[in-house]
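J.: These protein sequences, in sequence, are chains A and B.
As numbered in my numbering, residues 862 to 1580 make up the first sequence, in order.
As numbered in my numbering, residues 4 to 274 make up the second sequence, in order.
All C-beta atoms, glycine included, are put in the ideal place defined by N, C-alpha and C.
Quick one: the structure is below, questions incoming.
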Amino acid sequence: MNKIFAKNFYITIAVNLLLITTLFGQVTGTIKGKVTDKSTGEALPAVNLMLVGTVLGTTTDADGYYEMNRIPPGQYNLRVSMMGYKLINRQNVSVTADKTTTYNFELEETVIETPEVLVTANKRRQSIQDTPNSFGVMTSRQLKEKNEIYLDKILEQASGVNYMGSQVNIRGSSGFSYGAGSRVLFLVDGVPVMPGDSGDIKWDLIPATQVEQIEIIKGAGSALYGSSALGGVINIITKKTTPKPTTNIRLSAGAYDKPRFKEWQWTDRLLHFDDVYIDHSHHIGRSDILISAGRQQSTGYRQNTNYQRITASAKVFTKINGQHNFTISSNFEGGDTNSGLQWRDQRRALEVDPVALGDKIKSDKFGLNAFHNWIVNKNFGLKTRFSYFRNYWKNYFHDNNNASTANRYGLEIQGDYQFSEENSLTFGTEESWDHVNSGLVGIHDQYSASLYVQNERKLVTNLMFTLGMRYDYQYVDTGFEDSKLSPKMGLVWHAQSYLTFRASTGRGFRAASMSERFSDSIYSGIRIIPNENLKSETAWSHEIGMNFIPYVNLYLDIAGFWNDYWDLIEPEPDETQTVQFINVTRARITGVETNLKFTPWSNGISFDIGYTWMDPQDLDLNTVLAYRSRHLVNYSMTYKFSLFEIGLDYLYVARLEKVKVYPGDDRVAQKTLNGRLSCTLGRYIINANVNNALNHNHTQMERTLLPIRNYVLSLSTSF
Amino acid sequence: MNMKNPEIKFFIILILFFLVSCDTDPGLEPTQSGFRGTIKFLNDWPENTDQVLVVASTVFPPANITDIILGDPLPVGVDSTDYIIYTPPEHFAAIGVVWKEINQPWDVTNIIGIYFPTKNKFTPGSVTIPDKQSIVDSINITADLSKAKRAVNSKITGTLRTKGEWPAGAVSVIVVASQPVLPTGLLDLSLGQPIEAGFDSTSYSLTLQPGTYRLIGVLVLIEGETIGLTSLKGLYYLDPVAGKTGSVTIKSDTSVVDNIDIELVFTKIFM
């Protein structure tokens, strides 16, 4: 660690210590109660309750009960919210010293979920309508509807999101960077989970069964989140622990149809997949515990793409008292995945190069997070997060046996000061250390340290203003240093109760991953050489948007965006056919995104339609930017009747106008139609899905055909 | 289910409308077009052979791995083999056989055979696949395994200088070396990497196997023109005044011979 880094490190530690203020004692009161469903009278677990203008909040337990204690006496506004239910704002909630007051609530169900959703875009829970950025949310109800285990398969149905292989694009930010680095930051419960070597997203780490909510922040978000939040941020909120002993089991099996063309049929075997998941919550002493395990296996639909994986996770929530609680969580995923990177040729699109038959990757990932939440007083909360993430892989390829181990340690301390209902301050510091030992990049260390601050305040009636800034410093063991200042500004104007306008501007950046900076190897016959002085990519995102909810059954969101990018990192072959990652592209992506949700007559039938138009320009070459689509459409309709729910999900991604590796190949638009049917019989839910029902053949990553039509049947139960 | 319910009717109509609007577009389809032929191998197979492939290039010589398409690996150790490459309709400037050494990256200049439809061994035959149903037949190639180039550190280096105006359409230049003083075809030439045209002076480096090279020169590639000996616009001379060409001997895998400087004279016909 060099002197400059050490100096910065000590400064940030000192700031951390300054953040920890002493608790002052005072006489307090308690409120408690029960939250139920208005129509059924059933208790509602996991309902959010917040005292507006403070950092105090809680959630209901499995029986719908809640209790908030150590509240200073006074009058408060209590906000009660839950996905799928109308928000309740109870005014003049009275808290009396040394007394417990009871407030019960009945929540009314709604089909339009978004307006009431609480999100953590600004590192604290707030209504989605109070955020100046465009936001996408997938709730646990929507996750259940999709009946899909893999998060990437769920996320691609979100508005403005599409994929290139495993690489996620938010509003065209990412393009295709060959699995090295990601221009979208991936968080699990607010903690970055991206390996230090490749810096990409490991979608298989957490199965959807363990997810409570997915939040998609669109546009540059480095002002709060630092590196990689260039095009957006995806935050996975994992399932909460519950004090009541609960066990959930999901069994699922499926099979692939035959390919549409006989030339593509590479085997007479039935190609199939199955998975099983179980989780259990329990209460022991002061702690709520959630453990889960799962196994997935598949023959693959393409040659040499079979896999076997296991996942496991544990989460322990301990409430010491009304002021302190701890959460410790860990995730593990490991297994063997055969590797079929590209098709043999378009004539044999589901076969791979014969020499690559048997190529496989063994990998495992382990994450450990520890959170401490300290409510210092009703206006000040302090959160401390420690994280560790290990990513190991080893190739068993015909032409290489590279292996890599990447360890990442992170520490974040965040303070939230709520001056009043109209004025809040979020500030903190975040440090990380990556240590990589890899056959591909060698042995390297990378450190980063940052400070951030953000103020949200009401300027005039119904006009909220956000101003934030983050400073990031990065040091690589080769002596490379870089620092970035990422400001952000946002406005939210609640013009009417049904009409909200928003505007934001912010800077984003992405530091090069170690595999982009240090790769020195021969991979699939191509020599890759290092570029130790690779600069960070940077971006400015500007956006204006409008949110219109004239009726309870109609929700419309429109946003226009203008994103500028500098020094985009791309792999470039030189005249000696040697590939090196270099800063090459100056780009601009402008566009419009709309999202419409409506229920025409009643709550029985609902529609969710998203459309994104983009104009991706490579300003260096004055051409369209490679690997970006101009049009993204996602369309979903659901009809609920009796015990049944039937739905269709359609995804359209326009043909890529420009690609770099195989420009002569055929390219078509992606048209994916998925059908779903579910039936709820008491505590059992049966789901039947047909994915890619039209058996449309398309690629995202060049020369890799996406899954052909497949059928899935699953059974879920909870007891 | 009560079909009189307007919601259900509406939903069913929407689904039907939606399915119809999705049409029956299959998306990508298997390629039916391509080309095929027979590869005949001459001489012994090198022990360090990893793969041998048929490659087709939209430009010749290929400057980049993205200029070429690769066929399946051919069987190693055989005297001859049939092949077929499926590819969408395209015009290929050249089709050849490329050799790859174990533990080494692909080198598209490591060519051991080229499709020559005529006796002119300097001009590769182009192949045009006219439509999505056509398989162009008899693209037969003789591959000489003795032309396979191992990975070595031996090379010549020097400076290229130009005299006069660059010809219109000049795209790039390639330094070449041949062991025979009069090469009988492209396969006698060791090819360097293309250097972009337009320079007054530039340095170069050409990797060579051990041996004595009696001809070292520079080919100038003109857009739209086929490559041949008339493309030669510079030679390495020991005595430029007397017109005495120089030869270079590479003694080992690590030999480096410097100062092999060449002047390009665009108006001159060397051969």
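#1: From the DSSP output, in three-state form, read off Q136 (chain B) for me.
#2: Residues of chain A with CB closer than 7 Å to the CB of F14 (chain B), please, in chain order.
#3: In chain order, what residues of the stretch 86-104 of chain B put their CB closer than 8 Å to some CB of chain A?
#4: Which partner residues does V1054 (chain A) have in the DSSP bridge list?
#5: Can you confirm whether E1518 (chain A), when its beta carbon is compared against all beta carbons of chain B, has any partner nearer than 8 Å?
#6: Run through chain B and tell me which residues come within less than 9 Å of Q1207 (chain A), C-beta to C-beta.
#7: Taking contact to mean at least 3 C-beta pairs separated by less than 8 Å, is the stretch 160-179 of chain B in contact with the stretch 129-141 of chain B?
#8: With hydrogens ignored, establish whether the beta-carbon of Y1086 (chain A) is closer than 7 Å to any heavy atom of the ligand ATP.
#9: Alpha carbons only, please: which of A:N1284, A:Q1531 and A:D1527 is nearest the one belonging to L1493 (chain A)?
#10: Which residues bound the beta strand (DSSP E) around M1375 (chain A)?
#11: Who are the near neighbours of I1383 (chain A) in its chain, counting only those whose CB is closer than 8 Å to its CB and skipping five residues on each side?
#12: Determine the direct distance from the alpha carbon of M1350 (chain A) to that of I15 (chain B), and round the result to whole angstroms.
#13: So which residues on chain A does T69 (chain B) lean against when the C-beta distance must stay under 8 Å?
#14: Rounded to the nearest angstrom, what separates A146 (chain B) and K124 (chain B) at their Cα positions?
#15: Rounded to the nearest angstrom, how far is the Cβ of R1368 (chain A) from that of A1081 (chain A), given a contact under 8 Å?
#16: I need the DSSP call for L148 (chain B), collapsed to helix, strand or coil.
#17: Just the Cα atoms here: how many angstroms apart are G1033 (chain A) and R1331 (chain A)?
#18: Here's the rule: buried if 16 or more other CB atoms are within 10 angstroms of the residue's CB, otherwise exposed. What is N262 (chain B)?
#19: What residue does the alpha helix (DSSP H) around Y927 (chain A) start on, and which one ends it?
#20: Where Y1412 (chain A) and Y1359 (chain A) are concerned, what is the direct C-alpha to C-alpha distance, given to the nearest angstrom?
#21: Just grab the DSSP bridge partners of K1226 (chain A) for me.
#22: Output needed in chain order: residues of the stretch 1211-1226 of chain A with a Cβ under 9 Å from some Cβ in chain B.
#23: Excluding the 5 residues preceding and the 5 following F1134 (chain A) in the sequence, name in chain order all residues of the same chain whose CB lies nearer than 6 Å to its CB.
#24: Which residues bound the alpha helix (DSSP H) around K1319 (chain A)?
#25: Going by Cα to Cα distance, which pick from A:S1190, A:I1443, A:N1008 and A:Y1496 is closest to S1113 (chain A)?
#26: Going along chain B in order, which residues have a C-beta closer than 8 Å to the C-beta of H1492 (chain A)?
#27: Please classify S255 (chain B): is it buried, with 16 or more other beta-carbons within 10 angstroms of its beta-carbon, or exposed?
#28: Could you pull the DSSP bridge partners for F119 (chain B) from this structure?
#29: Relative to chain B, which residues along the stretch 997-1008 of chain A have a C-beta separation below 8 Å, given in chain order?
#30: From the DSSP output, read off the bridge partner residues of D1510 (chain A).
#31: Please list, in chain order, the chain A residues whose beta carbon lies closer than 8 Å to that of D140 (chain B).
#32: In chain order, what residues of the same chain have a beta carbon less than 8 Å from the beta carbon of S83 (chain B), not counting five sequence neighbours either side?
#33: Using a cut-off of 7 Å between C-beta atoms, extract the partners of L17 (chain B) located in chain A.
#34: In angstroms with no decimal places, state the Cα-to-Cα distance between L1574 (chain A) and N1552 (chain A).
#35: Output, in chain order, the set of chain B residues within a Cβ distance shorter than 7 Å of T1107 (chain A).
#36: Is the Cβ of P76 (chain B) closer than 8 Å to any Cβ of chain A?
T.: Inspection of the coordinates gives the following:
#1: In the three-state scheme derived from DSSP, where H, G and I count as helix and E and B as strand, Q136 (chain B) is classed as coil.
#2: Residues of chain A passing the Cβ test: I1466 and Y1500.
#3: When CB distances to chain A are screened at a threshold of 8 Å, the residues of the stretch 86-104 of chain B falling below it are I88, Y89, T90, P91, E93 and K103, in chain order.
#4: The partner list for V1054 (chain A) (beta bridge, DSSP) is empty, contrary to what the question assumes.
#5: Cβ-Cβ to chain B under 8 Å: no for E1518 (chain A).
#6: Taking a Cβ-Cβ cut-off of 9 Å, the neighbours of Q1207 (chain A) in chain B comprise L31, E32, P33, T34, Y89, T90 and P91, given in sequence order.
#7: As far as the Cβ criterion goes, the stretch 160-179 of chain B does not touch the stretch 129-141 of chain B, which means the pair count is below three.
#8: Judged by which ligands are present, the structure shown has none, so any question about the ligand ATP falls away.
#9: Looking from the CA of L1493 (chain A), the closest CA among A:N1284, A:Q1531 and A:D1527 belongs to A:Q1531.
#10: No beta strand (DSSP E) contains M1375 (chain A), which is instead part of the alpha helix (DSSP H) from M1375 to F1379.
#11: These residues qualify, in order along the chain: D1260, N1261 and I1389.
#12: For the pair I15 (chain B) and M1350 (chain A), the Cα-to-Cα distance works out to about 47 Å.
#13: Among the residues of chain A, those whose CB is under 8 Å from the CB of T69 (chain B) are P1434, K1521, V1522, Y1523 and P1524, following chain order.
#14: Approximately 13 Å, taken between the alpha carbons.
#15: Right, their Cβ atoms sit about 6 Å apart.
#16: Three-state result, L148 (chain B): helix.
#17: Rounded to whole angstroms, G1033 (chain A) to R1331 (chain A) spans 24 Å at the Cα level.
#18: N262 (chain B) counts as exposed, since fewer than 16 other beta carbons sit within 10 angstroms of its beta carbon.
#19: Note, Y927 (chain A): premise wrong, no alpha helix (DSSP H); beta strand (DSSP E) at Y926 to I932.
#20: Roughly 8 Å between the two C-alpha positions.
#21: Among the bridge pairs identified by DSSP, K1226 (chain A) is matched with A:E1194 and A:N1252.
#22: The residues in question are D1214, P1215 and V1216.
#23: For F1134 (chain A), where only same-chain residues beyond five positions count, the Cβ hits under 6 Å are G1115 and S1159.
#24: Careful: K1319 (chain A) lies outside any alpha helix (DSSP H), inside the beta strand (DSSP E) at G1303 to V1321.
#25: It is A:N1008 whose Cα lies nearest to the Cα of S1113 (chain A).
#26: Ordered by position in chain B, no residue passes the 8 Å Cβ test against H1492 (chain A), which lies about 15 Å from the chain.
#27: S255 (chain B) is exposed by the Cβ-count criterion.
#28: F119 (chain B) is not bridged to any residue.
#29: Flagged: no residues at all.
#30: Looking at the DSSP assignment, D1510 (chain A) forms a beta bridge with A:S1497 and A:N1535.
#31: At a C-beta separation below 8 Å, D140 (chain B) has no neighbours in chain A, since its nearest C-beta there lies roughly 16 Å away.
#32: Cβ within range, chain order: T41, I42, K43 and F44.
#33: Under the 7 Å cutoff, chain A gives M1498.
#34: The straight-line gap from Cα to Cα measures roughly 11 Å.
#35: Simply none; closest approach about 33 Å.
#36: P76 (chain B) has a beta carbon lying within less than 8 Å of a beta carbon in chain A.
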